[in-house]
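See structure below.
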Amino acid sequence: MSNIAQKLFRSLALASLMGSLVGCATNDDFNMAMLATVSDLRGGDLSGASSSLQEAQSAATSDDQRIKVKELGLLIAGAESYCRGDRDQAGSTWSDTKSPEFRRALSTNQHALGVVLTSANKN
């Protein structure tokens, strides 16, 4: 994985962590699974992140938590495609994110990553 990609994924993982913990203090299982997911992402362990994210999905008790899991899942799926060298698929997957923070960071770095993001308003 390129240096720019590692920095981007770490930044996005941290942003996701901060967003996931706001308003979720009563769901310790969800919070712990999200912490594990972010820790795995920051360490570059996409397989571990996917596994931890599945635990977060199982522990999610609200629509808001399920949306956060879905958004982080898109980040991981795009990163997996990126690491396989499939930048077209990575760009397509990342284009599906609704998170303003993720879209902003990905849009800012898309040229350095060699991916193309499509409009946030696609149907």
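Each position in the sequence shown, counted from 1, maps to that position plus 4 in the working numbering.
Even glycine gets a Cβ: it sits at the ideal position worked out from N, Cα and C.
- Annotation for threonine 112: the continuous alpha helix (DSSP H) segment containing it runs 104-117.
- Per DSSP, reduced to three states, the secondary structure at asparagine 31 is coil, with no helix or strand assignment.
- Between alanine 53 and isoleucine 80, the C-beta spacing is below 8 Å.
- In the three-state scheme derived from DSSP, where H, G and I count as helix and E and B as strand, threonine 101 is classed as coil.
- Taking threonine 97 as the centre and dropping the five residues before and after it, the same chain places the C-beta of Leu78, Ala81, Gly82, Ser85 closer than 7 Å to its C-beta, in chain order.
- Contact between glycine 95 and valine 119 is confirmed by a C-beta separation of about 4 Å, below the 8 Å threshold.
- Between phenylalanine 34 and glutamine 69, the gap from beta carbon to beta carbon is short of 8 Å.
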